[in-house]
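Number of protein chains: 2
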Amino acid sequence: MSTPGRGLHGRVLDTLGPAITAGEYPPGSVLLTDELAQRFEVSRSVMREAVRVLESMHLVESRRRVGVTVLPECEWNVYDPQVIRWRLAGSERPRQLRSLTVLRSAIEPVAAGLAARLATPEQCAELTECALGMVANSRGHQLEGYLFHDMAFHRVILTASGNEMFARLGGVVAEVLAGRTHHDVMFEDPDPAAVTLHVQVAEAVRARDAERAERLTREITVGALQELDILAP
Amino acid sequence: MSTPGRGLHGRVLDTLGPAITAGEYPPGSVLLTDELAQRFEVSRSVMREAVRVLESMHLVESRRRVGVTVLPECEWNVYDPQVIRWRLAGSERPRQLRSLTVLRSAIEPVAAGLAARLATPEQCAELTECALGMVANSRGHQLEGYLFHDMAFHRVILTASGNEMFARLGGVVAEVLAGRTHHDVMFEDPDPAAVTLHVQVAEAVRARDAERAERLTREITVGALQELDILAP
DNA sequence: AACCCATTAGGTACGACGAATTCAAGAGAC
DNA sequence: GTCTCTTGAATTCGTCGTACCTAATGGGTT
């Protein structure tokens, strides 16, 4: 997915990145550039470029006379799409999924409220189209079709909010939704109540009812939280 | 601040990063690695490492026979702390500040609600201490002291939420708050109502009243939005 | 305890070659 | 004559290897 094999240093990252984010190297672990270069059978130049990228993600820190030390998790750029993908692909997947779902529950309602005020007619139409597509695929185990429209729906909401920070989470939300369908338990058809909520959100945005759009979207995200057993006692 | 001068490639980034994020090179502009190396008086190796970092931030894309092309803004990793700093330092500062404030308004209330349920006694105490510090510095143009406790307050809230994605925004919020005090108009003492709200949030968290903590924090962020004239007509 | 120095690993520079893509010139067909 | 397809040359990044510099570290000396 995304950008596979954009050079040798990319190949190295495809192995090193997941390994580090999976916690295979405890914080403080020391890696040596030349040693890594030998292990991956690449030149030092290539390995140095890979280390620079990991450094920009704050996964590691390079210091003279010491080597490349792995940084503690609290330093990582956890919003980096690449880091998110690596963590979603590894053993930290459940925890990452929970973090992202909580993030969704905070962002999406506000984004929907903004979208209700700022969405263009085209975006309103697109939203309705997505919601109808969800309805059409909500029965008969058409999970892929449903997922496609679900991802599109949330991406439109986030984009239509007019906030670039929200819009940039479209890909993340898409991966969360895809993960729920593909990896986790999703044997049955989607919850009819959730489908209805999406349709109602589309209506609220079209009607410029920000408060209603926000409240309905909050209900959707609450459902997502409940699916992962994230709730108050 | 942060990490100045971590090598020659860092120096290059300190110039190129702000230039690109400021829009000095329109999307699609092509830069040549060797040309850049000459301009910055560094070797090609160093320049290549710098380009790799910019590439990992999705600011540029490197292609053979073409060069290093600047990507459109919608591709940038706008959550990268480095990118945020560069944009806050440039001409895009007002727009960046608005985006981040809207982001705050979505995140912080939810974070406060979670903090009310998950904060440790130490974090509750720290929160109260911060709020009292804000009160103590709220009169007599003690802006620096007020800012210090304000930043600490919001950082504790975000950390105590137990969500790493929220916690990672602590630095961003701190920079927004600092920006408001230093660059923008903030001649007078802070709004007494805002100070009171912070104290009440600390109380609500201590009392484990999630709903109240969330609502009060929402009032704080609404105030921040109004300061930037972000509101519904 | 303070100081000095050898070791070590990253930091930088330079040069060479390989690989891929773009662009233009030329051959061919209609 | 114009258009298309092919071919090839130019260009720029990609990779490699070497050499040397720099600066932290750790141990040994005074």
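The listed protein sequences correspond, in order, to chains R and S.
Under the UniProt record's numbering, the first sequence has 208 at position 208, and the numbering climbs by one with no breaks.
Under the UniProt record's numbering, the second sequence has 63 at position 63, and the numbering climbs by one with no breaks.
For each residue, glycine too, the CB sits at the ideal point set by N, CA and C.
Check: Under 9 Å between C-beta atoms of F153 (chain S) and C124 (chain S); Outcome: no
Check: Three-state class that DSSP yields for V42 (chain R) in the structure shown; Outcome: coil
Check: Exposed unless 16 or more other CB atoms sit within 10 angstroms - verdict on A112 (chain S); Outcome: buried
Check: Sequence-distant residues of its chain with Cβ nearer than 7 Å to L169 (chain R) (five each side left out); Outcome: I107, L158
Check: Cβ contact (3+ pairs, closer than 8 Å) linking the segment 189-198 of chain S and the segment 87-101 of chain S; Outcome: no
Check: Neighbouring residues, chain R, relative to L59 (chain S) (Cβ below 7 Å); Outcome: Residues of chain R passing the Cβ test: none, with the nearest at roughly 11 Å.
Check: Interfacial residues, the segment 104-124 of chain R to chain S, with Cβ spacing under 7 Å; Outcome: S105, A106, I107, V110, R117
Check: C-beta neighbour in chain S for H9 (chain R), strict 9 Å; Outcome: yes
Check: Straight-line gap, L132 (chain R) to V199 (chain R) (C-alpha atoms, nearest Å); Outcome: 7 Å
Check: Residue nearest to A202 (chain S) in terms of C-alpha spacing, selected from S:R180, S:A115, S:W86, S:D14; Outcome: S:A115
Check: Terminal residues of the beta strand (DSSP E) in which S91 (chain S) lies; Outcome: From DSSP, S91 (chain S) is part of no beta strand (DSSP E); its letter is neither H nor E.
Check: CA-to-CA distance, P81 (chain S) to P233 (chain S), given in whole angstroms; Outcome: Any answer about P233 (chain S) is weak, because its pLDDT of 43 lies below 50 and its placement is not dependable; what the coordinates show is given next. About 32 Å.
Check: Members of the segment 142-168 of chain S that neighbour chain R once the beta carbon cut-off is set at 7 Å; Outcome: N163, E164, M165, R168
Check: Close-in-space but distant-in-sequence residues of the same chain around D229 (chain R) (CB under 6 Å, 5 per side omitted); Outcome: none
Check: 9 Å Cβ cut-off: residues of chain S touching D80 (chain R); Outcome: S56, M57, N77, Y79, D80
Check: Same chain, Cβ closer than 6 Å to G17 (chain R), five either side skipped, listed in chain order; Outcome: W86
Check: Near-chain R residues of the segment 35-55 of chain S - C-beta to any C-beta below 7 Å; Outcome: S45, R48, E49, R52, V53
Check: Anticipated Cβ contact below 8 Å, R117 (chain R) with A210 (chain R), distance rounded; Outcome: 5 Å
Check: Rounded straight-line distance, which links the Cα of L97 (chain S) to that of L147 (chain S); Outcome: 17 Å
Check: Cα-Cα separation, V205 (chain R) to A89 (chain R); Outcome: 35 Å
Check: CB contact check: V102 (chain S) to chain R, cutoff 9 Å; Outcome: yes
Check: CB of R52 (chain S) within 9 Å of CB of H149 (chain R), strictly; Outcome: no
Check: Limits of the beta strand (DSSP E) - the one that V60 (chain S) falls within; Outcome: 60-63
Check: Euclidean distance between Cα positions of V173 (chain S) and A160 (chain S); Outcome: 15 Å
Check: Nonlocal neighbours in the same chain, by C-beta distance under 8 Å from I84 (chain S), ignoring five residues either side; Outcome: V78, Q96, L100, V172, E175
Check: 9 Å Cβ cutoff met for V110 (chain S) and E219 (chain S); Outcome: no
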